[in-house]
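Below: the structure, in structure tokens.
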Amino acid sequence: MWTREQTIEFLKAIAEHKRYLYYHLVAVTGLRRSEAAALREVDVDLRHNELFVVTRPDPDERTDDDGKLKSRRSTRTIALDHVTTGLVRRYLTAQAGLTPEPGGERYLFTTPTGMPCRRDLFTHEFEDLLAERTALPPIRLHDLRHGAASLSLAAGNDLKSVQEMLGHTSMSFTADYYISLYPSTRRQAAERIGAFLFATPSSRVHRSRLPIRGRRVAGSAARCPRRSATTSKA
């Protein structure tokens, strides 16, 4: 699995590719290969910066990219960052040649005949792009999804948010799998707890710096003499 820097390097290397958006979405939002390939214009809400991931079971593909049986249609919503939203907007505009209208049923990634690209096309294309345009260590296309999850955790997002982004039914699976792949997340969590418990507020004055009552402190004014018990006569 790539580091943050390696992921950025790959995306920069393929930035001019006609299907760059596909790989960007997998790397940033953790979409499964088949989910990204099945996206339609109607699944994009540019107004609210959201993506509706609709799992449409393919009779020719009985399992998803995680190896689980496809049972029924399902939908989840993924929030998009402003950079990704801008990329989607420009892509749709270029596809249509004009400002995209809501409700479009076209697939985002199509063949010259307008049919949706199958996920195997992206798998082979990813391997070619990796070999031809970068010197990065080889990974699977599906590893971009793993990387998105791990980087999200490393960025400080909680497990529940990552689980919902990935579409996992169990948060325990998300925790067991991705935290083990990204041990630095555990270290960061430990440091945050330590900082919360033991950090000294800047406004706090250490007790050791305060003068002890009744003791003369170097550099301070002399103490006032004790008043005599008898008063002098005029």
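According to full-length UniProt numbering, the residues represented by the sequence shown are 1 to 234, in order.
We treat Cβ as the ideally placed atom computed from N, Cα and C, and that holds for glycine.
Here the structure is a predicted model, which means the values were calculated and not measured.
Under 6 Å Cβ to Cβ from residue 21, same chain only, skipping five residues before and after it: list those, please. Residue 21 sits at position 21 when you count from the first residue of the sequence shown. Cβ neighbours of residue 21 beyond the five flanking positions: 87 and 91.
How long is the line joining the alpha carbons of residue 77 and residue 40, rounded to whole angstroms? Counting from 1 along the sequence shown, the entry for residue 77 is found at position 77. Counting from 1 along the sequence shown, the entry for residue 40 is found at position 40. If you take the alpha carbons of residue 77 and residue 40, they lie about 14 Å apart.
Looking at the strands, I want to know which residues DSSP matches up with residue 52. Position 52 of the sequence shown, counting from 1, holds the residue named residue 52. Answer by DSSP bridge pairing, in chain order: 77.
Three-way DSSP call (helix, strand, coil) for residue 45 in this model: Within the sequence shown, residue 45 is the residue found at index 45, counting from 1. Strand at residue 45.
Distance between residue 4 and residue 159 (C-alpha atoms, nearest Å): Locating residue 159 in the sequence shown gives position 159, counting from the first residue. Locating residue 4 in the sequence shown gives position 4, counting from the first residue. So the alpha carbons of these two residues sit roughly 19 Å apart.
Just to confirm, are residue 33 and residue 122 a CB contact at a threshold of 8 Å? As a position in the sequence shown, residue 33 is number 33, starting the count at 1. As a position in the sequence shown, residue 122 is number 122, starting the count at 1. Yes, the Cβ-Cβ distance between residue 33 and residue 122 is below 8 Å.
Cα-Cα separation, residue 15 to residue 94: For the purposes of this step, residue 15 is taken as residue 15 along the sequence shown, with counting starting at 1. For the purposes of this step, residue 94 is taken as residue 94 along the sequence shown, with counting starting at 1. Each residue's alpha carbon lies about 15 Å from the other.
Mind the definition here: the region 129–147 touches the region 108–118 only if three or more C-beta pairs lie below 8 Å; say whether that holds. no
Which residue from 23, 18, 196 and 193 puts its Cα closest to that of residue 11? Position 11 of the sequence shown holds residue 11. If we check each option's Cα against that of residue 11, 23 comes out closest.
6 Å CB neighbourhood of residue 31 in its chain, flanking five on each side removed: Position 31 of the sequence shown, counted from the first residue, corresponds to residue 31. So the list reads 25, once near-sequence residues are dropped.
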